[in-house]
Amino acid sequence: MQKAYTTSLFLIAVALIISAGIGVAVLITNALQNKDYNINLEEYPVLQLSLGGLFPRLRPVSNEVISPAFVTPAVSVPPSPTPYATPTINPEIADKHLVNIAGFAFNDVSGDGVYNNGEPRIVNIGFYVYDSAQSDRVILTVYTDSNGNFRNSVYVVGDAIVRPVSSDKYEAITISRTYTTTTESYEFAFKPAGNQTVVNAGVLQGYVFNDVNGSRHRESGESAVYFKNITLRDSSGKTFLTENGTTETNQDGSFKYIQLPVPGTFTLGLVDATGTFTVPKATYTYYLSSDQSQQLNLELPVNKK
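Each residue of the sequence shown is one higher than the one before, counting from 336 in the numbering used here.
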């Protein structure tokens, strides 16, 4: 009896081993065909029985998910406010400073390179502006106005270099000027270009006087008076300043225009903007030739109210 029982157990064990071998072979074949190497024993009951009987630890574990008794809800944290962006500096002017440039152009009649009273200003003459840190590049072009003046502002790394531009009428004498602050003003001398000959030798001078008797000629006892607005223009409309660089007489009533281009026709005008005088004649026209002394002495009558 005992021997028969032992024989039965042996046969059962052999059967399980054979079944397990067959199952493993099937699994390997399917895995190679499907390229799926995850083995699920529940899909193979015979193999599960065989291997589970031989190796209890290979018995499947329940896939049931046990829910926790209480799950702490996630706390929503508001985003931090975006800080104000740091302003960026324009790289074009980051390392630059502002320089104001100013000056005037004049015809250097005396040839000394320095402006003298009565030397005519030059209108619409050009100037190139450079940065000394990059002196081969023009950063601005300016022109003189109707009074021969120019003014502008420019950002530079170094100094502002201003160079006059010669034209077909005028040749620059002053080569360049350097501006290092914001308050500088310079004069620029020019001379007639090429074969042009301009004779600036004309002189107009005289007095504005109180014409008491209305004769329009200054007589004994009639005093010269200071007059605010006196202007001189040539036939092209160009305006000239007195030798003091003004558009008014001296305090003693005298005035003088020097180095006027001759030959030429000039108009002298009196305008009383203060209401102090009556002006019997507002304009006077004079011709200055180059074959005479080029000087006129004038007496301009006004009547003091």
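We treat Cβ as the ideally placed atom computed from N, Cα and C, and that holds for glycine.
Under the three-state reduction of DSSP, D494 is assigned to coil, being neither helix nor strand. When secondary structure is reduced to three states using DSSP, H552 falls in the coil class, being assigned neither helix nor strand.
The C-beta distance from V458 to G438 rounds to 14 Å, too long to fall under 8 Å, and the pair is not in contact. Comparing alpha carbon positions, the residue from A559, A617 and E519 closest to N585 is A559.
In this structure, the alpha-carbon of K639 lies about 38 Å from that of F485. T509 sits in coil when the DSSP states are folded into three classes, being neither helix nor strand.
The Cβ-Cβ distance between I460 and T476 does not fall below 8 Å.
DSSP places P455 in the coil class of the three-state scheme, outside both helix and strand. Contact annotation, I508 with F525: C-beta distance approximately 6 Å; criterion of less than 8 Å satisfied. Between the stretch 537 to 547 and the stretch 555 to 575, the count of C-beta pairs closer than 8 Å reaches three or more; the two stretches touch. By a beta-carbon distance limit of 8 Å, R512 contacts V497. Their separation comes to about 5 Å.
Each residue's CA atom was taken as its position, placing A440 and V464 some 15 Å apart. In summary, G537 is buried, with 16 or more beta-carbon neighbours lying within 10 Å of its beta-carbon over all protein chains present. DSSP lists L539 as the beta-bridge partner residues of L631. A direct Cα-to-Cα measurement between R472 and A608 gives close to 48 Å. Around the C-beta of P615, fewer than 16 other C-beta atoms lie within 10 Å, and the residue is accordingly described as exposed. DSSP lists D466 as the beta-bridge partner residues of Q469. Setting aside the 5 residues that flank it on each side, Y450 is surrounded in the same chain by F441 and E522, each with a C-beta closer than 6 Å to its C-beta; the list follows chain order.
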